[in-house]
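Counting with the UniProt record's numbering, you get residues 1 to 109 for the letters of the sequence shown. Working notes, beginning with the structure itself.
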Amino acid sequence: MAFTEPVPPQRFGLPASALDSLADVFGQFPEIDKVVLYGSRAMDRYRSGSDIDLAVSAPDMGWATFLRLEQAIDDLLLPWKVDLALIHQIENQELMDHIQRVGVLLYKA
């Protein structure tokens, strides 16, 4: 009988370590109120290579800080593409409706 290592718990097709790393990054930016996961991972329709769609609520976050946030996430070297959107800058009403309909709270300050 072969023994295997226990599989770490996963949510949205992502290991807990990846979610914890993202939360640690979000915690470094006091401008962030919350982060919502949307798209295929929130709808449980993801594939192994699906990107991570995140809507960030940070009304006071400027462009330079947003770029630092993107860089900090990129520095995690996650094997998935992470798409970030600032909620207050989303003009596409269909996208906002989608986020409100299927979005899952991933982080709250």
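Ideal Cβ placement from N, Cα and C applies to all residues, glycine included.
According to DSSP, residues forming a beta bridge with residue i
i	result
Ile99	DSSP, once it has assigned bridges, lists no residue as partnering Ile99.
Lys108	Lys34
Ala85	Ala55
Contact test: residue i Cβ vs the ligand MG heavy atom, cutoff 7 Å
i	result
Ser50	You won't find the ligand MG in this model; it holds no ligand whatsoever.
Residue i - DSSP class collapsed to helix/strand/coil
i	result
Leu67	helix
Leu76	coil
Ile52	strand
Ala2	Model confidence at Ala2 stands at a pLDDT of 49, short of 50, so the residue's coordinates are unreliable; what they give is reported in the following sentence. Three-state result, Ala2: coil.
Val7	Since pLDDT at Val7 reaches only 48, below the 50 mark, its modelled position is unreliable, and the value read off the structure follows with that caveat. Residue state, collapsed to three classes: coil.
Beta carbon of residue i nearer than 8 Å to that of residue j
i	j	result
Ser50	Ser40	yes
Ile99	Tyr38	yes
Val82	Leu105	no
Ile32	Ala72	no
Cβ neighbour criterion (16 or more within 10 Å) applied to residue i
i	result
Ile52	buried
Gly62	exposed
Under 8 Å, with one C-beta from each stretch per pair, do the region 13 to 30 and the region 96 to 109 reach the 3-pair mark?
yes
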